[in-house]
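The block underneath contains the structure these notes are about, expressed in structure tokens.
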Amino acid sequence: MKIYLLSLGAGLLVGVVYSLLNVRSPAPPLVALVGLLGILAGEQIVPVARQLLSGHGLASAWQQAKCAPHMFGMLPGRQTDPSKNAAPADGLEKHS
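FYI, the numbering for the sequence shown is 1 to 96, going by UniProt numbering.
Set out below in structure tokens:
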């Protein structure tokens, strides 16, 4: 229940900011997408700041906080499951 109340509070805060900027909700698609990008970037500030304060450089802090997977999701061409790249167990390769 606490997370719902926090989410409602964050939504109210965003609504106030939108009102101050004279943006109507639902926001135009580009404005909404830029806002979502801001939310994703804003979520990374605290983890990266913690890493920076512990003595890591910016690139290392970004990597340690796992920002890229969180902000960009699974990028094309990247596999996290090594079994997808493994040869079949019977040793026979399938050709297409």
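The beta carbon of each residue, even a glycine, is placed where N, CA and C say it ideally should be.
Using 8 Å as the threshold, is the C-beta distance between residue i and residue j below it?
i, j, result
"A41", "Q51", "no"
"V46", "A61", "no"
"V16", "V23", "no"
Please report the straight-line C-alpha distance between residue i and residue j, rounded to a whole angstrom.
i, j, result
"P26", "V14", "12 Å"
"A89", "E43", "With a pLDDT of only 49 at A89, under 50, the local geometry of the prediction cannot be trusted, and the value read off the model is given with reservation. C-alpha separation (whole angstroms): 42 Å."
"G9", "K2", "11 Å"
"S19", "S54", "38 Å"
"L33", "I39", "10 Å"
"G11", "P29", "18 Å"
"L6", "C67", "23 Å"
Among residues of its own chain, excluding the 5 on either side of residue i, which ones have a beta-carbon nearer than 6 Å to its beta-carbon?
i, result
"L58", "none"
Please go through the same chain and pick out, in chain order, the residues whose beta-carbon is closer than 8 Å to the beta-carbon of residue i, but skip the five residues on each side of it.
i, result
"Q63", "none"
Problem - Every unbroken alpha helix (DSSP H) inside the region 11 to 71 [4 residues or more] - result: Restricted to the region 11 to 71, the alpha helix (DSSP H) segments that are unbroken, complete and at least 4 residues in length are 29 to 53, 58 to 64, listed in chain order.
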